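Residue numbers (this note's numbering): 204 to 681.
Have a look at this one:
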């Protein structure tokens, strides 16, 4: 069982994070400052350290030196996101913005601990020599496992081929795909297989940063540029200098910020907010979106010139429902990972569970599948996971009736509600009818949970399909 140290001076946040990690089978110790951590524990003995950046006394970055190689994950607010990037240059393994999503935190912890274990199993010198030999021989095409994405269906094989071709270049890349398909994994693969692999990969979710702060966060600002700008600060584009900038959900970027980004791509330079001078930057841009940027450009919601700058190379991630046998391969991988993480003996899926996994359309894609399996492992009492623990709405007795050969969802037993037509339903039709039928008596949170997706994903699909949210009545969240 991995042992994690939390260093956070806010008791509420520290306690909540401790409960979250303990529920997921991690052993946790805690401290309110760097000094307290030093006095109470042998810091290098932990498997991982999660620390706030701003602490009483010494900052959280002091733990990087004291940890002596133990990975340190820095927590920070968006207001000090630039400082978190600085902490990565000092040796922090990653950073996460507060307030953080629970799933995001658990995924970061699992990834960091997995990387630590792999580094222990394969000495860095051996890996470095192997990579050097590979590059010197001119072979830049890694095995699929090195790309870091599970799956071998034809669409994914085609994607791997493109990644191998595109990664060694500095061309801009646009990754398209539904929410939860793994667009950030593709971005990481492109960076890790590029010549910039030793430089930073800065990931920014454009939808998560308030519109009023996005330009300052990306491009920096000068002292006095706006109310509250008490000091000048570099932006995330500048922090990615020499490396890769990954802009997730770039379709949410305001038009003013799009104009500044276009200058970065055209001229290779940035100008901080409030500054009259520009400075050169060397950044490779990878962008991702679930939206149709070409259509947004036609309607004036996205700059057409920026779209064509981004669209040098386009990579399309297929939804999980179109990946055939990959679904079970991914499911078994998640099952093994969750069992290992929770200290459980190896579990397996029942025949009914496998049937459900294969036939369910997974509107939330890989993210929904991972959450369903994590829930099933936690609740499972035997060695075999039954279908009902997956928490997905599917009638196992009617699989042949409910699903056609194309994977489209059909109303069970031919029945139809007021919002359900009797003809075959595509996934988006199913989503639209489900929301219209239930939004009068369910909250947004309940709708998202029933659909197996996040509230953010629910909002995105409402926008894409033009389904307005009810502002009053029982369905409105406070």
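Quick reminder that beta carbons are idealized off the backbone N, C-alpha and C, glycines included.
If you're wondering where the values come from, they're calculated on a predicted model, not measured in any experiment.
Can you tell me the Cα-Cα spacing of residue i and residue j, whole angstroms?
i	j	result
residue 586	residue 580	10 angstroms
residue 362	residue 526	12 angstroms
residue 279	residue 553	42 angstroms
residue 234	residue 300	20 angstroms
residue 567	residue 354	17 angstroms
residue 494	residue 506	14 angstroms
residue 528	residue 212	47 angstroms
residue 459	residue 448	18 angstroms
residue 622	residue 670	With a pLDDT of only 38 at residue 622, under 50, the local geometry of the prediction cannot be trusted, and the value read off the model is given with reservation. The alpha-carbon atoms of residue 622 and residue 670 are separated by roughly 14 angstroms.
residue 255	residue 297	12 angstroms
residue 595	residue 227	21 angstroms
residue 650	residue 638	7 angstroms
residue 551	residue 544	15 angstroms
residue 320	residue 372	30 angstroms
residue 266	residue 557	45 angstroms
residue 561	residue 308	28 angstroms
residue 427	residue 477	8 angstroms
residue 485	residue 268	29 angstroms
residue 542	residue 223	17 angstroms
residue 246	residue 382	38 angstroms
residue 402	residue 654	39 angstroms
residue 396	residue 385	17 angstroms
residue 380	residue 408	15 angstroms
What residue range is occupied by the uninterrupted beta strand (DSSP E) comprising residue i?
i	result
residue 233	230-234
residue 699	The chain is shown from 204 up to 681; residue 699 falls before or after that span and cannot be answered.
residue 301	297-301
residue 518	516-519
residue 208	206-210
What are the boundary residues of the alpha helix (DSSP H) that includes residue i?
i	result
residue 576	568-582
residue 544	529-544
residue 417	417-422
residue 218	214-226
residue 258	First-last for residue 258: undefined, no H or E at that position.
residue 648	647-654
residue 560	554-562
residue 240	237-243
residue 509	507-513
Alpha carbons only, please: which of the options is nearest the one belonging to residue i?
i	options	result
residue 358	644, 218, 521 and 636	521
residue 388	368, 489 and 418	489
residue 514	303, 439, 209 and 376	376
residue 491	503, 420 and 406	406
residue 559	570, 243, 542 and 589	589
residue 306	265, 220, 208 and 231	220
residue 667	477, 378 and 496	496
residue 205	403, 248, 672 and 640	248
residue 318	450, 414, 272 and 360	272
residue 313	639, 592 and 251	251
residue 583	557, 547 and 569	547
residue 472	483, 391 and 465	483
residue 231	239, 217, 215 and 207	207
residue 441	433, 474, 662 and 455	474
residue 411	647, 303, 652 and 264	303
residue 295	239, 253, 261 and 500	253
Would residue i count as contacting chain C if we go by Cβ distances under 8 angstroms?
i	result
residue 513	Chain labels in this structure do not include chain C; a single protein chain is all it has.
Query raised in the report: Using 8 angstroms as the threshold, is the segment 563-578 in touch with the segment 534-543, meaning 3 or more CB pairs across them?
Result: yes
Requested in this report: Pair every Cβ in the segment 364-371 with every Cβ in the segment 497-513, then say whether three or more of these pairs are closer than 8 angstroms.
Outcome: no
Requested in this report: Please go through the segment 337-411 and give each complete alpha helix (DSSP H) segment of 4 or more residues, from N-terminal end onward.
Outcome: 347-350, 357-369 and 386-395
Query raised in the report: How about the segment 413-425 and the segment 433-447: do they share at least three Cβ pairs that are nearer than 8 angstroms?
Result: yes
Query raised in the report: What are the uninterrupted segments assigned as alpha helix (DSSP H) that are 4 or more residues long and contained completely in the segment 442-501, given in chain order?
Result: 458-470 and 496-501
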